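Number of protein chains: 2
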Amino acid sequence: MKILLKIRYDGGAYCGFQAQPNGVSVQGVLTEAFSGMFGFPCNITGCSRTDSGVHALSFCASVEPKEEILRDTQWCRVPVGKIHRAVNVLLPDDISVVAAAEVPDDFHPRYNVVQKTYEYHILRTPARDPFLHGRAFHAPRRIPEEGIALMRQTAGIFVGKHDFSGYMAAGSKITDAVRTVCAAEVEEKDELLIYRVSADGFLYNMVRIMAGTLLDCAYGRLTPDDADRALRTGDRTAAGFTAPGHGLYLCRVEYDRPVDWLCE
Amino acid sequence: MKILLKIRYDGGAYCGFQAQPNGVSVQGVLTEAFSGMFGFPCNITGCSRTDSGVHALSFCASVEPKEEILRDTQWCRVPVGKIHRAVNVLLPDDISVVAAAEVPDDFHPRYNVVQKTYEYHILRTPARDPFLHGRAFHAPRRIPEEGIALMRQTAGIFVGKHDFSGYMAAGSKITDAVRTVCAAEVEEKDELLIYRVSADGFLYNMVRIMAGTLLDCAYGRLTPDDADRALRTGDRTAAGFTAPGHGLYLCRVEYDRPVDWLCE
Chain F
1 MKILLKIRYD GGAYCGFQAQ PNGVSVQGVL TEAFSGMFGF PCNITGCSRT DSGVHALSFC
61 ASVEPKEEIL RDTQWCRVPV GKIHRAVNVL LPDDISVVAA AEVPDDFHPR YNVVQKTYEY
121 HILRTPARDP FLHGRAFHAP RRIPEEGIAL MRQTAGIFVG KHDFSGYMAA GSKITDAVRT
181 VCAAEVEEKD ELLIYRVSAD GFLYNMVRIM AGTLLDCAYG RLTPDDADRA LRTGDRTAAG
241 FTAPGHGLYL CRVEYDRPVD WLCE
Chain Y
265 MKILLKIRYD GGAYCGFQAQ PNGVSVQGVL TEAFSGMFGF PCNITGCSRT DSGVHALSFC
325 ASVEPKEEIL RDTQWCRVPV GKIHRAVNVL LPDDISVVAA AEVPDDFHPR YNVVQKTYEY
385 HILRTPARDP FLHGRAFHAP RRIPEEGIAL MRQTAGIFVG KHDFSGYMAA GSKITDAVRT
445 VCAAEVEEKD ELLIYRVSAD GFLYNMVRIM AGTLLDCAYG RLTPDDADRA LRTGDRTAAG
505 FTAPGHGLYL CRVEYDRPVD WLCE
């Protein structure tokens, strides 16, 4: 038996989800909280790495005892529907467990993912917004209506099954860069532009490079044709800049089976 | 000539707008930034005091030289449409000037107000939200649908011209507590409940006590009849608790004349 967690976090203070030798990670904080709560060392496994500063509206991670021997016992002595209340007391304000579910031992929070959705948030105006500080990319100058139309056109190019080598951080060791983007849109929510993209998987920095390419197109530094060429040729230099991590949110994870989430 | 400013701030780190002997205030931070930018001492006058922790989506304040003699000169050497860019460099990330306007010397940012709108934000579920930490009241348990209906019914009671003595902090020295609430609503925005209220003026703690009364009604601790009785009798003890400042936002200020806001 494993417990799967649904977590929400502001990544501003963290070096990312994954534990790192030099830096405070979300995984590290969760490991400490759960180990403290249960009274034995726990392993936390995430559905994804996220970069430094990246946020999550709904991240999935599993928790289980580190010791093999404990896993066969009824190790979780907190009712699953109450785990969020119990552990949130031990977590800092920028990380919150919002739901939990019991999953079988062979369930893996990363390998069983069939689809993920990310959002990249862009504040359209250069005026700073204290409520979006560290939580959205602030446009250096106002993105005009035509710019939004170009962003939408570019977002449409990524939809479908493609080799995304041109939209992967240089130096990545991935050999199979084929992914299927099944939906992409640019939503306008007052002064916020939200680029939302779903795929069966994402390469390293893929959403941030797609977002940077959308921004380069909005400002006329690139055209949708350039974005298309980067996709067809795999030429990273034809695509746009890597937009900063603090605008990115992991916002949905879909599994190959139903998960019975409980939160009360 | 005075400059009127439109300001947005996260009040979490401040003792309120108004300068206090012991505490960092928004007014204090603005005074320092403008005095530094212009090179002479400036006076900042706000449209309102706000309590400790209270936020503003759109607060108005004027800036002018402290020295009488300077006021007759063309003291503002920054184009009005560029003031936000110039001063934001000197302001912390939680305070931002979003627009500025030139107003005549006899304009007063508080006395010329004809209407103000506040919002009180309530997270409906007890699950903590890292993105709303310090920015919304977190309900201790889920507010049911019937509770929202009772909140709406109670909000309706306040609309009109009433003596709001029962909705004023005990010990206030105000003698005329008659105010006209011209609009009130409870909006549902995903898991956030937004109580929005407009009036020609507000008494000390009035919105926080109204919000607390709505919450007490939502949970069945009070009825809309109790809220009505507090209004008719002026009995503060019949009204609800004073909801905490961190859920409150000043969100619109209307003046008795048009203001020519510039921001670029």
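Chain order of the listed sequences is F and Y.
Residue numbering for the first sequence follows our numbering, beginning at 1 and increasing consecutively.
Residue numbering for the second sequence follows our numbering, beginning at 265 and increasing consecutively.
The beta-carbon is built from N, C-alpha and C at its ideal position, and this holds for glycine as well.
A quick note: this is a predicted structure, and the numbers were derived from the prediction, not measured.
(Q) For GLU528 of chain Y and GLY345 of chain Y, I'd like the C-alpha separation in whole angstroms. (A) Walking along the second sequence from the start, residue 528 of chain Y turns up at place 264. Walking along the second sequence from the start, residue 345 of chain Y turns up at place 81. Approximately 5 Å between the Cα atoms of the pair.
Q) From what residue to what residue does the beta strand (DSSP E) around CYS251 of chain F run? A) In the first sequence, counting from the first residue as 1, residue 251 of chain F sits at position 251. Residues 248 to 255.
Q: Figure out for me which residue from Y:GLY430, Y:VAL367, Y:ILE308 and Y:ASN286 has the closest Cα to the Cα of ARG493 of chain Y.
A: Mapped onto the second sequence, residue 493 of chain Y falls at position 229. That would be Y:GLY430, whose Cα lies nearest to the Cα of ARG493 of chain Y.
Q) With burial defined as no fewer than 16 other Cβ atoms inside 10 Å of the residue's Cβ, what is the status of THR73 of chain F: buried or exposed? A) The residue labelled residue 73 of chain F in the question sits at position 73 within the first sequence. With fewer than 16 other Cβ atoms within 10 Å, it is exposed.
Q. In the segment 360 to 394 of chain Y, which residue ranges form an unbroken beta strand (DSSP E) of at least 3 residues, counting only runs that do not cross its ends?
A. 377 to 387
Q | CB-CB length for ASP461 of chain Y against LEU268 of chain Y, believed under 8 Å | A | The residue given as residue 461 of chain Y occupies position 197 in the second sequence. The residue given as residue 268 of chain Y occupies position 4 in the second sequence. The displayed chain sequence assigns Val, not Asp, to residue 461 of chain Y. The pair is not a contact, with the Cβ atoms about 24 Å apart (cut-off 8 Å).
Q. Where do the ends of the beta strand (DSSP E) carrying PRO65 of chain F lie?
A. Within the first sequence, the letter at position 65 stands for residue 65 of chain F. Residues 55 to 65.
Q. Excluding five sequence neighbours on each side, which residues of the same chain lie with their C-beta closer than 8 Å to the C-beta of TRP261 of chain F?
A. The residue labelled residue 261 of chain F in the question sits at position 261 within the first sequence. Same-chain partners within the cutoff: LYS6, ALA99, ALA100 and ALA101.
Q. DSSP three-state call for ASP464 of chain Y: helix, strand or coil?
A. Looking up residue 464 of chain Y in the second sequence gives position 200. Three-state DSSP puts ASP464 of chain Y in coil, outside helix and strand.
Q) Do you know how far the Cα of VAL186 of chain F is from the Cα of THR125 of chain F? A) Here residue 125 of chain F corresponds to residue number 125 of the first sequence, with the count starting at 1. Here residue 186 of chain F corresponds to residue number 186 of the first sequence, with the count starting at 1. Cα to Cα, THR125 of chain F sits roughly 16 Å from VAL186 of chain F.
Q: Mind reading off the beta-carbon distance from ALA169 of chain F to ASN205 of chain F? Whole number of angstroms is fine, and I expect it under 8 Å.
A: For this step, residue 169 of chain F is matched to residue 169 along the first sequence. For this step, residue 205 of chain F is matched to residue 205 along the first sequence. Sure, about 4 Å apart at Cβ, within 8 Å.
Q) Below 8 Å between beta carbons: does that hold for TYR273 of chain Y and ILE359 of chain Y? A) Looking up residue 273 of chain Y in the second sequence gives position 9. Looking up residue 359 of chain Y in the second sequence gives position 95. Yes, the Cβ-Cβ distance between TYR273 of chain Y and ILE359 of chain Y is below 8 Å.
Q: Compare the C-beta of VAL344 of chain Y against all C-beta atoms of chain F and say whether one is closer than 8 Å.
A: Translated into the one-based positions of the second sequence, residue 344 of chain Y becomes position 80. For VAL344 of chain Y, the answer is no, since every Cβ of chain F falls outside 8 Å of its Cβ.
**Q.** Residues within the segment 107 to 140 of chain F neighbouring chain Y, beta-carbon criterion of under 9 Å
**A.** THR125, PRO126, ALA127, ARG128, ASP129, PRO130, PHE131, HIS133, GLY134 and ARG135
Q. In this structure, what does DSSP give as the bridge partners for HIS426 of chain Y?
A. Within the second sequence, the letter at position 162 stands for residue 426 of chain Y. Y:ARG443, per the DSSP bridge assignment.
Q.
For a cutoff of 8 Å on Cβ pairs, would you count SER360 of chain Y as touching chain F?
A. Taking the second sequence and counting its residues from 1, one reaches residue 360 of chain Y at position 96. It does; some Cβ of chain F falls within 8 Å.
Q: Measure the Cβ-Cβ separation of VAL63 of chain F and PHE107 of chain F and say whether it is below 8 Å.
A: Here residue 63 of chain F refers to the residue found at position 63 when the first sequence is read from its first residue. Here residue 107 of chain F refers to the residue found at position 107 when the first sequence is read from its first residue. Contact flag unset, no.
Q) Closest by CA to LEU535 of chain Y, which one among Y:PHE401, Y:CYS481 and Y:LYS380? A) Nothing can be reported for residue 535 of chain Y: it is not among the residues displayed for chain Y, which extend from 265 to 528.
Q: Please determine, among Y:LEU396, Y:THR477 and Y:LEU478, the residue with the shortest C-alpha to C-alpha distance to ASP454 of chain Y.
A: Here residue 454 of chain Y corresponds to residue number 190 of the second sequence, with the count starting at 1. The candidate whose alpha carbon is nearest that of ASP454 of chain Y is Y:LEU396.
Q: Whole angstroms is fine: what's the gap from VAL26 of chain F's alpha carbon to VAL342 of chain Y's?
A: One-based indexing of the first sequence puts residue 26 of chain F at position 26. One-based indexing of the second sequence puts residue 342 of chain Y at position 78. If you take the alpha carbons of VAL26 of chain F and VAL342 of chain Y, they lie about 45 Å apart.
Q: Mind checking who PHE137 of chain F pairs with in its DSSP beta bridge?
A: Here residue 137 of chain F refers to the residue found at position 137 when the first sequence is read from its first residue. BP columns for PHE137 of chain F point to F:ILE122.
Q. Which chain F residues are close to VAL348 of chain Y, counting only those with a beta carbon under 7 Å from its beta carbon?
A. Reading the second sequence from its first residue, position 84 is the one you call residue 348 of chain Y. Residue identity differs from the one stated: residue 348 of chain Y is His in this sequence, not Val. Residues of chain F passing the Cβ test: ALA127.
Q) Quick one: is ARG196 of chain F near chain Y, going by C-beta distance under 8 Å? A) For the purposes of this step, residue 196 of chain F is taken as the residue at position 196 of the first sequence. Judged by the 8 Å Cβ criterion, ARG196 of chain F is not in contact with chain Y.
Q | For LEU222 of chain F and GLN115 of chain F, the rounded distance between their alpha carbons | A | Translated into positions along the first sequence, residue 115 of chain F becomes position 115. Translated into positions along the first sequence, residue 222 of chain F becomes position 222. Cα to Cα, the separation comes out at about 29 Å.
**Q.** Residues that TYR9 of chain F contacts on chain Y, provided the C-beta gap is smaller than 8 Å
**A.** For the purposes of this step, residue 9 of chain F is taken as the residue at position 9 of the first sequence. Result: PRO394.
Q: Please work out which residues of its chain come closer than 7 Å, Cβ to Cβ, to CYS515 of chain Y, disregarding the five sequence neighbours upstream and downstream, and give them in chain order.
A: On the second sequence, position 251 is the one that residue 515 of chain Y refers to. Closer than 7 Å at Cβ, skipping near neighbours: LEU321, SER322, THR381, TYR382 and GLU383.
Q: Measuring only between beta-carbons, confirm whether CYS324 of chain Y sits less than 8 Å from chain F.
A: Stepping through the second sequence from its first residue, residue 324 of chain Y is reached at position 60. Output row for CYS324 of chain Y: interface = no.
**Q.** CYS263 of chain F: contacting residues in chain Y (beta-carbon distance under 8 Å)
**A.** Here residue 263 of chain F refers to the residue found at position 263 when the first sequence is read from its first residue. ALA391, listed in chain order.
Q. Can you tell me whether GLY435 of chain Y is buried or exposed, with buried defined as 16 or more other CB within 10 angstroms of its CB?
A. As a working note, residue 435 of chain Y is residue 171 in the second sequence. Exposed, since its Cβ has fewer than 16 Cβ neighbours within 10 Å.
Q | Limits of the alpha helix (DSSP H) - the one that LEU495 of chain Y falls within | A | If you number the second sequence from 1, residue 495 of chain Y lands on position 231. 488 to 497 is the span of the alpha helix (DSSP H), which, as asked, contains LEU495 of chain Y.
Q. For the candidate residues Y:VAL377, Y:LEU355, Y:GLY317 and Y:PRO368, whose alpha-carbon lies nearest to that of ARG128 of chain F?
A. Mapped onto the first sequence, residue 128 of chain F falls at position 128. For ARG128 of chain F, the nearest C-alpha among the options comes from Y:LEU355.
Q) Going along chain Y in order, which residues have a C-beta closer than 9 Å to the C-beta of ASP93 of chain F? A) In the first sequence, the residue the question calls residue 93 of chain F occupies position 93. Simply ARG392, PRO394, HIS397 and GLY398.
Q: Under 7 Å Cβ to Cβ from VAL471 of chain Y, same chain only, skipping five residues before and after it: list those, please.
A: Walking along the second sequence from the start, residue 471 of chain Y turns up at place 207. Excluding sequence neighbours, VAL471 of chain Y sits near TYR382, TYR384, VAL461 and LEU512.
Q) In its own chain, which residues sit with a C-beta less than 7 Å from the C-beta of MET474 of chain Y, not counting the 5 before and 5 after it? A) Taking the first residue of the second sequence as 1, we reach residue 474 of chain Y at position 210. Cβ neighbours of MET474 of chain Y beyond the five flanking positions: PHE422, TYR431 and VAL461.
Q. Going by the CB atoms, is the gap between LYS66 of chain F and PRO41 of chain F shorter than 8 Å?
A. For this step, residue 41 of chain F is matched to residue 41 along the first sequence. For this step, residue 66 of chain F is matched to residue 66 along the first sequence. Against a cut-off of 8 Å, the Cβ pair of LYS66 of chain F and PRO41 of chain F comes out as a contact.
Q) Given that ASN352 of chain Y touches chain F, what residues does it touch there, using C-beta distances under 9 Å? A) For the purposes of this step, residue 352 of chain Y is taken as the residue at position 88 of the second sequence. Here the neighbours are ALA127 and ARG128.
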